[in-house]
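Colleague: Chains as they are written, first to last, in the working numbering: chain A, 1 to 150; chain B, 1001 to 1158. The following block contains the structure, expressed as structure tokens.
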């Protein structure tokens, strides 16, 4: 199969998933420090690497989609768990729910997952924009703050 | 990862991620939560002493994603009564699963799937793995000691 980036063939898909997971505590620490822009960037890189592992696997001809799915789903769930350590209880509840969905998906061979990190990213961006526009006094800001943090 | 590394990493997450929670009791709770799951290795200790490693087959479902699901549910339940203790438990428990998946061959979806997942961020060779583990553990331990000393929890005369 012709790949647009031949360099991808020299990378290992599992290692990229590992790097994505390894970056998760950095996102956790930045959210905990309320460095919102930096945490958005870190979370974006976590998700970028997560997306890249599938592309690399296909470029290397690793076509066993079930094996790739198991790596992907386990890394994603643990990554979500690490990031949710800095977030409010609602995110922990969603992480638990997502983990249950992952196990059910494996059992029933039907994939159903909530894109939780995407949702966290969108909420963090919304929080940053409100902060940037100095709208801290707005009710939406305090609601977001109560949802995101402890 | 070895239990000492789990203990250091969980406490590093605590001191950097939630410094307002840090106290001797908090460090103790996080430490216990971080190494609690490794107790299941005791029954496989005899084999591990011969082979000098715990294989992924020695890990039950409680050491994999099902266990993480249960651990997070218990922590969330504890949070209903005491948010601080729940967060400390969560930090210790989640950090354990994180480090194991990152550095060891695991079966994340066991018993639904026996597929062994290894992310390739640690060597497989036993000698290299021992060196790798030692470097990571000593580094984490040193950082933790320095941070705890700086915030006044360790009174070391330097």
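Ideal Cβ positions, reconstructed from N, Cα and C, are used throughout, including at glycine. Computed from a predicted model, the values in this text were never measured in an experiment.
Please go through the stretch 1082–1143 of chain B and give each complete alpha helix (DSSP H) segment of 4 or more residues, from N-terminal end onward.
Modeller: Fully enclosed alpha helix (DSSP H) runs of 4 or longer: 1083–1103.
Colleague: Among A:66, A:118, A:84 and A:76, which one has its Cα closest to the Cα of residue 44 (chain A)?
Modeller: Of the listed residues, the one whose Cα sits closest to residue 44 (chain A) is A:118.
Colleague: Who are the near neighbours of residue 14 (chain A) in its chain, counting only those whose CB is closer than 7 Å to its CB and skipping five residues on each side?
Modeller: Correct list, in chain order: 71.
Colleague: Decide if residue 111 (chain A) is buried, meaning its Cβ has at least 16 other Cβ atoms within 10 Å, or exposed.
Modeller: Flag for residue 111 (chain A) reads exposed.
Colleague: How far does the alpha helix (DSSP H) with residue 68 (chain A) in it extend, from its first residue to its last?
Modeller: From DSSP, the alpha helix (DSSP H) with residue 68 (chain A) extends over 65–84.
Colleague: Nearest chain B C-beta to residue 150 (chain A) closer than 8 Å, yes or no?
Modeller: By this cut-off, residue 150 (chain A) is an interface position.
Colleague: Just checking: is the beta-carbon of residue 1018 (chain B) within a distance shorter than 8 Å of some beta-carbon in chain A?
Modeller: Answer yes: the Cβ-Cβ gap between residue 1018 (chain B) and chain A drops below 8 Å somewhere.
Colleague: Below 8 Å, how does it come out for the stretch 116–133 of chain A and the stretch 1123–1141 of chain B: are there three or more Cβ pairs, yes or no?
Modeller: No, the stretch 116–133 of chain A does not touch the stretch 1123–1141 of chain B.
Colleague: To the nearest angstrom, how far is the alpha carbon of residue 1034 (chain B) from that of residue 1110 (chain B)?
Modeller: One C-alpha to the other measures close to 21 Å.
Colleague: Using beta carbons (cut-off 8 Å, strictly below), is residue 115 (chain A) in contact with chain B?
Modeller: No, no contact with chain B.
Colleague: Exposed or buried, which one is residue 1013 (chain B) when buried takes at least 16 other CB atoms within 10 Å?
Modeller: Buried, since its Cβ has 16 or more Cβ neighbours within 10 Å.
Colleague: Taking Cβ positions, are residue 100 (chain A) and residue 1126 (chain B) nearer each other than 8 Å?
Modeller: Contact flag unset, no.
Colleague: Beta-carbon of residue 21 (chain A) versus every beta-carbon of chain B: anything under 8 Å?
Modeller: At least one chain B Cβ lies under 8 Å of residue 21 (chain A).
Colleague: I'd like the list of long-range same chain contacts for residue 1031 (chain B), defined as Cβ closer than 6 Å, with 5 residues on each side in sequence excluded.
Modeller: Cβ within range, chain order: 1007.
Colleague: Between which two residues does the alpha helix (DSSP H) containing residue 62 (chain A) stretch?
Modeller: From DSSP, residue 62 (chain A) is part of no alpha helix (DSSP H); its letter is neither H nor E.
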